[in-house]
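Reading through the structure tokens given below for one structure.
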Amino acid sequence: MTEAFSTVAVIGAGTMGRGIAQLAAQRGLEARLFDVSAAQVEQAGREVSSQLDRLVAKGKLSAADRSATAARLLPTSELSTACQGADVVIEAAPESMDLKVKLFGEIRELSPAHALLGSNTSSLSITEIGQRAGVPDRLVGLHFFNPPPVMPLLEIVRGLSTSEQSVDRARALAAVLAKESIVVRDFPGFATSRLGVILGAEAMRMLEAGVASAADIDRAMKLGYRHPMGPLELTDLVGLDVRLAILEHLHKELGEQFRPPAILRQMVRAGRLGKKVGLGFYRWTDEGPHPAE
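Mapping of the sequence shown onto this note's numbering: residues 927 to 1219, in sequence order.
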């Protein structure tokens, strides 16, 4: 750990937020996990506790380290409590520009002037968020991947007005969190989302056209291209609603190649959002994904 980072506030206790908070706590940082919903905060605490128990059961975390990690995780439903004295504030709220601007406006008032501000957005403009929230030089994109404690990449996004100091601090944070980092310009979809969603969307169109089953489409990419996970399984893991929001934004910004497939809209309307609800392109159990009916 470095003295530059001792306390991280994570804003949003959904799948990504709780994963980022768990990662920070495992790496020795005090991790304050905020959500406006007290019930969501409590659920996130239980989920992280279960994840830590699984790591102990698999021999990947000692009982002592599990206790220390849990002690460093501080759930709260008070934004001021989360932000006070934080060295880094990472927003992991839903993909809404207005919501993120509102949050960072509040974070600006509640957090120390030295705090690095990061958004986990996977597609929205860091430049626009920072400018509208009054923190153009302090804001960077900190795009983690699901699950954050496992995936090795941190995509750092430099806004048009992001200072070099903020980018350097983001790189230093990546090192503290044991992540490999890349730095990309603020452009719709950045590098990873733009490539990832186009592959996922084409897989959905193939499924719509009856080219192959979801399992065989995914197997083709895993065995033929050495992807660790197929594009449809990955969509389930990310969340179909999240993928839809990204595609809608990129369709607006970049053009027809990002138009969301009809099957994606239908499944989101039906509540088939992927692993987090147990059903998407696959049916999910504790043993993993199975063919959906």
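By construction, the Cβ of each residue, glycine as well, lies at the ideal position given by its N, Cα and C atoms.
Query                                                                                                                                                                             : Result
Please confirm whether residue 1218 and residue 1207 have their CB atoms less than 9 angstroms apart.                                                                             : yes
Please list, in chain order, all residues of the same chain as residue 1043 whose beta carbon is under 7 angstroms from its beta carbon, the five residues on each side excluded. : 1015, 1030, 1033, 1061, 1064 and 1065
Give me the Cα-Cα distance between residue 1210 and residue 1140, rounded to the nearest whole angstrom.                                                                          : 14 angstroms
Which residue or residues does DSSP assign as beta-bridge partners of residue 1208?                                                                                               : 1217
Of all the options 989, 1035 and 1004, which has the alpha carbon lying nearest to the alpha carbon of residue 958?                                                               : 1004
According to DSSP, simplified to helix, strand and coil, what is residue 1107?                                                                                                    : strand
Once the 5 residues before and after residue 1093 are set aside, which same chain residues still bring their CB inside 6 angstroms of it?                                         : 1084
Which residues does DSSP pair with residue 1133 in a beta bridge?                                                                                                                 : None, per the DSSP bridge assignment.
Going by DSSP, what residue range makes up the beta strand (DSSP E) through residue 935?                                                                                          : 933-937
Should residue 929 go down as buried or exposed, given a rule of 16 or more other Cβ atoms within 10 Å for buried?                                                                : With a pLDDT of 47 at residue 929, under the threshold of 50, the predicted position of this residue should be treated as unreliable, though the coordinate-derived value follows. Residue 929 is exposed by the Cβ-count criterion.
Given that a residue counts as buried once 16 or more other Cβ atoms are within 10 Å of its Cβ, and exposed if not, what is residue 1041?                                         : buried
Is the beta carbon of residue 1127 sitting closer than 9 angstroms to the one on residue 1173?                                                                                    : yes
Quick check: the Cα distance between residue 1098 and residue 1080, rounded to an integer number of angstroms?                                                                    : 11 angstroms
Quick one: using the 10 Å Cβ neighbour count with 16 as the cut-off for buried, is residue 1137 buried or exposed?                                                                : exposed
Bridge partners for residue 960 per DSSP, in chain order?                                                                                                                         : 937 and 1002
Assuming residue 1087 and residue 1053 make a contact with CB atoms under 8 angstroms, what is their CB distance in whole Å?                                                      : 7 angstroms
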